[in-house]
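Using my numbering, read the sequence shown as starting at 543 and increasing by one per residue. Just below is one structure, and these are the notes that go with it.
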Amino acid sequence: MYPASQTENPRQEAATALLSSQTAEVMGGFLDGKLSAFAVFFDLPEAISNGRAGQLDDLYVAAGARGQRLAQRMVEAIAAIGRARGWVHLRWLVPEDNEAALRTYERFAKAASWKSYVLWLGDSAPW
543 MYPASQTENP RQEAATALLS SQTAEVMGGF LDGKLSAFAV FFDLPEAISN GRAGQLDDLY
603 VAAGARGQRL AQRMVEAIAA IGRARGWVHL RWLVPEDNEA ALRTYERFAK AASWKSYVLW
663 LGDSAPW
């Protein structure tokens with residue numbers, strides 16, 4: 543993704559890059575025929591099991607579509623893809639302060655027993 547000063551339409555360029563990615567998969571969630579959500583996920587090697595696993599990187603539901611279990615249906619659809627591919631699990635990260643998302647996921651998934659860390663690289667580092 544490019545800073546806004548380097549491109550006329552950074553959102554369009556980011557979307558184009560994502561949709562042309564060789565590794566990312568994008569799923570749309572629809573309510574009443576209207577695109578109301580999207581998810582970005584990956585099929586990755588899973589070293590411990592010597593199998594494959596799914597990584598859900600982004601899941602966004604438009605404000606007007608929240609509360610209708612669209613996020614759950616999208617995760618279930620990605621899980622179905624994973625079952626067909628033989629994934630050992632589907633994992634994703636959730637910000638600790640996103641209480642609504644945490645409540646949603648706790649209805650149908652189990653919290654992982656590991657902690658996540660990030661190492662910011664380049665000029666975008668927050669320190």
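All residues carry an ideal CB built from backbone N, CA and C; glycine is no exception. Given the structure is predicted, the values throughout are model-derived calculations rather than measurements.
Under the criterion of beta carbons closer than 8 Å, F583 and Q597 qualify as touching, at roughly 6 Å. Residue pairing by DSSP puts R594 in a beta bridge opposite P587, W629.
In the three-state reduction of the DSSP assignment, Y602 falls in the strand class, which pools E and B.
Nearest to F580 by alpha-carbon distance, out of A653, A589, L561, P587, is L561.
The stretch 612-619 and the stretch 656-665 do not touch, with fewer than three beta-carbon pairs separated by less than 8 Å. Take the alpha-carbon of L586 and the one of D599: they are about 12 Å apart.
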